[in-house]
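Numbering (our numbering), first residue to last: 1067 to 1547. C-beta: ideal position from N, C-alpha, C; glycine also. Just so it is clear, the structure is predicted and the values come from calculations on it, not from any experiment. Written below as structure tokens is the structure these notes are about.
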Amino acid sequence: LSCVGSVVALASAPSPPASPISSSILSLWTLSTRIADLLYSKVGSWVLRGEDQMAGVTMAAGCGVSQALSAGASHEGLRRIAPAFGTVVVPIPSRCKVSRRVKVEAIAEPIAKSTVRTIEECEADVVAGNAPAAPPVPAKPKAPEGTPRISPLVMPARPRRNRRSAALRAAFQETTVSPANFILPLFVHEGEQNAPIGAMPGCQRLGWRHGLIDEVYKARDVGVNNVVLFPKVPDALKSSTGDEAYNPDGLVPRCIRLLKDKFPDLVIYTDVALDPYSSDGHDGIVREDGVIMNDETVHQLCKQAVAQAQAGADVVSPSDMMDGRVGAIRNALDLAGYHDVSIMAYTAKYASAFYGPFREALDSNPRFGDKKTYQMNPANYREALIETRLDEAEGADILMVKPAMPYLDVIRLLRDNTALPISAYQVSGEYSMIKAAAAAGMLDEKKAVLESLLSIRRAGADVILTYFAIPAAQWLCAERI
Ligand code: PBG
């Protein structure tokens, strides 16, 4: 280990077990953390790189693995590659099947065994003018032939100085995005199989029993531990008053119970609105003359929120835009004893064309008209403050702006006018635009997605609802190297 250079160790590791919390893995994990830290203390500086295609995780630690963890590498992803670390110092028995390849690069200066001369002798040399030779002053890099010869501009400030290397740029980065900031929207249906959603390539309506659990497992593996559920309800259960919305055995309450049973610490958000349950495809009850009835709808929404809380929801999220629903839901939750269930209010939800693909996913297009009598006019900015003050006064815990990218100014407005956390919904249309452009070769998907998420954070959002949560989290884990 005191040598300089690169060692490649072939590691024989058992294939990753189905559950990352099995006791054998935990003990291997502890062992490998200790080995990694021990190696670090011996060598001083090295890079340990492990790759696990299955987990989609690439990580490296220029330090001990425990430090890499505290730097935010995915916990479950790391655990899955942990067995590989454990084999770094273990000779490979020839009968073992080689299933992992771990590259250990020791970038350490050879540690000098003993210094020949004392500090005083060395200092005396320097004082006498015999400073030891260091590499020569580097030559000035040449500009290409034909570059105009000019005298440099006289400028006190050159902002490019702080951007000139990756390390400087990282040091001065003002905004960051992390998988912990993501809430993953999940479409569920009654089926056994997942069904692709035409308008949202890469997204599926998940079979509530299996597909849903698999998807949540994948999300948690890369550090995404917040999900929000959207049900596709069979037509036969839809009605003009949307009563299926508060059926305690309906699709959403069943999904919540299943998820909580499997992943007790998963944070489950729910959607509170009647549209998936309404035969009219509106978020509220529609009167004969087409008016969406406010207070009667709020009555239904309260029952819906309580049913979701009863099933185990952590955060109920009214997306309906009826007046007074936040206060009424707060009251209903408290009366039913759910004081700890939070409300994420869709505070500034605009009547947007960008919801199109979502409505296809849930087959929830309004049967007539549009949603302009309850969702906000995209032309309005100040109005978002009216909604903010009301939702805050009515007891909302989180305020949302939706859509996100076309409304970054509104996110900033809310950020500057409330102390509550802000969420932003990168909606289906925003997702599909990037997907379509990337599929046509017009955009680099990874760069565009990460930039869009960073911009939403920069505008002032704490959390982002995004259909890109899983791939974005995978990219972010890999970038930490
Ligand atoms: C409905 C609801 C909608 C979305 C979330 N909840 C659609 C709508 O208001 O018509 C849109 C989400 C998206 O487009 O990704 N209450």
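Whole-Å CB distance - residue i paired with residue j, under 8 Å assumed
i	j	result
Phe-1248	Ala-1538	7 Å
Arg-1448	Gly-1526	Between Gly-1526 and Arg-1448 the Cβ distance is about 17 Å, and since that is not below 8 Å, they are no contact.
Ile-1409	Gly-1461	7 Å
Tyr-1497	Met-1466	Not confirmed; about 17 Å, so no contact.
Ile-1395	Val-1338	7 Å
Leu-1401	Val-1407	The Cβ separation is near 12 Å, so there is no contact.
Ile-1522	Met-1442	About 18 Å separates the two Cβ atoms, so there is no contact after all.
Cβ neighbours of residue i in the same chain (closer than 6 Å, five flanking residues each side left out)
i	result
Val-1529	Asn-1247, Ile-1249 and Ser-1489
Ala-1535	Phe-1248, Leu-1250 and Val-1290
Gln-1259	Gly-1273
Tyr-1473	Val-1467
Gly-1422	Gly-1495
Glu-1175	Confidence is the limiting factor: at Glu-1175 the pLDDT is only 38, short of 50, which leaves the residue's position unreliable, though a coordinate-based value still follows. So the list is empty, once near-sequence residues are dropped.
Arg-1524	Thr-1241
Lys-1512	Trp-1541
Own chain partners of residue i with C-beta closer than 7 Å, once the 5 adjacent residues on each side are dropped
i	result
Phe-1424	Val-1493 and Ser-1494
Ala-1503	Leu-1509
Val-1318	Leu-1295, Pro-1297, Thr-1336 and Gln-1374
Leu-1520	Thr-1241 and Val-1243
Val-1193	none
Thr-1454	Thr-1413, Leu-1465, Leu-1480, Asn-1483 and Thr-1484
Lys-1501	Pro-1267 and Gly-1268
Val-1476	Ala-1414, Tyr-1447, Ala-1450 and Val-1467
Arg-1229	Arg-1235
Gly-1316	Glu-1310
Residue from the options with nearest C-alpha to residue i
i	options	result
Gln-1366	Lys-1512, Asp-1355 and Arg-1391	Arg-1391
Asn-1483	Ala-1417, Ala-1232, Cys-1269 and Asp-1457	Asp-1457
Asn-1431	Asp-1301, Thr-1454, Val-1220 and Met-1221	Asp-1301
Ser-1418	His-1405, Ser-1408, Asp-1400 and Thr-1439	Thr-1439
Met-1499	Ile-1358, Ala-1223, Gly-1257 and Met-1266	Met-1266
Gly-1393	Arg-1227, Thr-1413 and Ala-1200	Thr-1413
Gln-1376	Leu-1520, Lys-1304, Ile-1322 and Ile-1464	Ile-1322
Asp-1053	Ala-1411, Asn-1360 and Ile-1395	Nothing can be reported for residue 1053: it is not among the residues displayed for the chain, which extend from 1067 to 1547.
Glu-1256	Arg-1230, Arg-1226, Val-1282 and Leu-1303	Leu-1303
Ile-1279	Gly-1308, Lys-1328 and Arg-1271	Lys-1328
Arg-1485	Ala-1459, Pro-1469 and Ala-1470	It is worth fixing the name first, because residue 1485 is Ala in this sequence and not Arg. Of the listed residues, the one whose Cα sits closest to Ala-1485 is Ala-1459.
Val-1352	His-1276, Lys-1326, Arg-1320 and Lys-1437	Lys-1437
Asp-1309	Asp-1349, Lys-1284 and Gln-1270	Asp-1349
Ala-1427	Gly-1195, Tyr-1533, Lys-1512 and Asn-1446	Tyr-1533
Glu-1362	Leu-1516, Thr-1184, Ala-1505 and Ser-1306	Ser-1306
Leu-1325	Cys-1188, Asn-1292 and Glu-1354	Asn-1292
Test item: CB-CB of residue i and residue j under 9 Å
i	j	result
Val-1372	Tyr-1404	yes
Lys-1415	Met-1387	yes
Gly-1273	Val-1254	yes
Ala-1411	Pro-1444	no
Leu-1542	Pro-1245	yes
Arg-1271	Ala-1285	no
Leu-1252	Val-1282	yes
Ile-1464	Pro-1487	yes
Ala-1199	Asp-1191	no
Neighbourhood of residue i by C-beta, 8 Å cutoff - its chain only, sequence neighbours within 5 removed
i	result
Arg-1100	The predicted model places Arg-1100 with a pLDDT of 48, which falls under 50 and marks its position as unreliable; any figure quoted below should be read in that light. So the list is empty, once near-sequence residues are dropped.
Phe-1434	Asp-1346 and Gly-1356
Arg-1161	Annotation note: pLDDT 40 at Arg-1161 (below 50); position unreliable, coordinate value reported separately. Hits under 8 Å: none found.
Ser-1089	Only weak support is given to the placement of Ser-1089: the predicted model assigns it a pLDDT of 29, under 50, and the value that follows is read from those uncertain coordinates. Same-chain partners within the cutoff: there are none.
His-1276	Glu-1258
Ser-1093	Below a pLDDT of 50, predicted positions are generally treated as unreliable, and Ser-1093, at 30, falls in that range; the measurement from the model is reported next regardless. Around Ser-1093: no qualifying Cβ.
Arg-1320	Trp-1274 and Ala-1377
- Item | Meets three-Cβ-pair contact criterion under 8 Å: the region 1293 to 1310 and the region 1338 to 1347 | yes
- Message: Under 8 Å: do the region 1319 to 1333 and the region 1373 to 1384 share three or more Cβ pairs, one atom per stretch?
- Response: yes
- Message: For the region 1232 to 1245 against the region 1211 to 1218, do three or more pairs of beta-carbon atoms, one drawn from each stretch, fall closer than 8 Å, so that the two count as touching?
- Response: no
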